[in-house]
Amino acid sequence: AALLLPPLFLWVPRSFGAYARAVFGTALPFAAGLGTVAAVAYLFRERAPEAFDRTLLSLPVLGGNLKKLALARFGESLAALYSGGVEIRKGLRLAVRALGNRWLEARCRGMAGVVERGGGLADALESAGVFPREMVGAVAVGERTGELDGALNAFARLAQEEADRAIRALLIAIPVLVYLLVALYVAVVVVSAFGAYFRTLGSF
789 AALLLPPLFL WVPRSFGAYA RAVFGTALPF AAGLGTVAAV AYLFRERAPE
839 AFDRTLLSLP VLGGNLKKLA LARFGESLAA LYSGGVEIRK GLRLAVRALG
889 NRWLEARCRG MAGVVERGGG LADALESAGV FPREMVGAVA VGERTGELDG
939 ALNAFARLAQ EEADRAIRAL LIAIPVLVYL LVALYVAVVV VSAFGAYFRT
989 LGSF
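Read the sequence shown against the working numbering and you will find it ends at 992, with the numbers running on by one and no gaps.
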């Protein structure tokens, strides 16, 4: 028995060492991978901000909800500016800054020009190609009835409702995503640790 079983003072350090190698051997590449992704994303954002923001909007689940939040900020800003007496063309230029997404801002910068050329606000919103039909329709109805102030408030309300739904979706999706990532990491660590443990037993 003494020949078959290693002494406890030799087996425990070797087993712990194998476990530590398995854990850190998994954690270090995982951390390095996250660091690399973060560095690449930062450089991408600094050198091509519009392309980076467009990429964000194309992400599953996250992208569509980020867009809804941006449009809600635009709608609230435009409604507040118009209610405060700001001329619509200037209000459009100022509200575009509230989007917080360089790609959306680039798509919306030409809206003031549409109004300057004689188009309506609904035409300007439609020209950007980023606003939902029901929002553009609410503004079009307000222009026809002469109640643009109320139409802009309806626009902002619709945008905010979309944003509220987006926030609820994110509150559900983000914890699930984090849970899955943690579960995946734990599974990899456990498999690596058991593999190292059995290799250690086989070496005696």
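C-beta: ideal position from N, C-alpha, C; glycine also.
Query, Result
"Arg895 and Gly917 closer than 9 Å at C-beta", "yes"
"Cβ-based neighbour list, Leu857, same chain, cut-off 7 Å, excluding 5 preceding and 5 following", "Ala951, Ala954"
"Between the CA atoms of Arg890 and Arg842 - distance to the nearest angstrom", "8 Å"
"For Pro837, the first and last residue of its enclosing alpha helix (DSSP H)", "837–845"
"Neighbourhood of Gly898 by C-beta, 7 Å cutoff - its chain only, sequence neighbours within 5 removed", "Ser915"
"Coil, strand or helix - Pro848 by DSSP", "coil"
"Buried versus exposed call for Tyr967 [16 or more other C-beta atoms within 10 Å across all chains shown]", "exposed"
"Status (buried if at least 16 other CB within 10 Å, exposed otherwise) for Tyr830", "Here Tyr830 scores only 49 on pLDDT, less than 50, and its place in the model is too uncertain to base an answer on."
"Gly852 versus Ala928, Pro920, Leu882, residue with shortest Cα-Cα distance", "Pro920"
"Nearest to Leu887 (by Cα), restricted to the options Leu969, Ser865, Gly907, Ser871", "Ser865"
"Reduced DSSP secondary structure (H/G/I, E/B, other) of Phe919", "coil"
"Start-to-end residues for the alpha helix (DSSP H) that takes in Gly901", "899–904"
"Length of the line joining the Cα atoms of Val849 and Gly930", "32 Å"
"Where the alpha helix (DSSP H) through Val884 begins and ends", "876–884"
"Buried versus exposed, by CB contacts within 10 Å (16 or more), Ala971", "exposed"
"Reduced DSSP category for Asn853 - H, G, I as helix; E, B as strand; rest coil", "helix"
"Exposure label - Ala900; buried when at least 16 CB within 10 Å", "buried"
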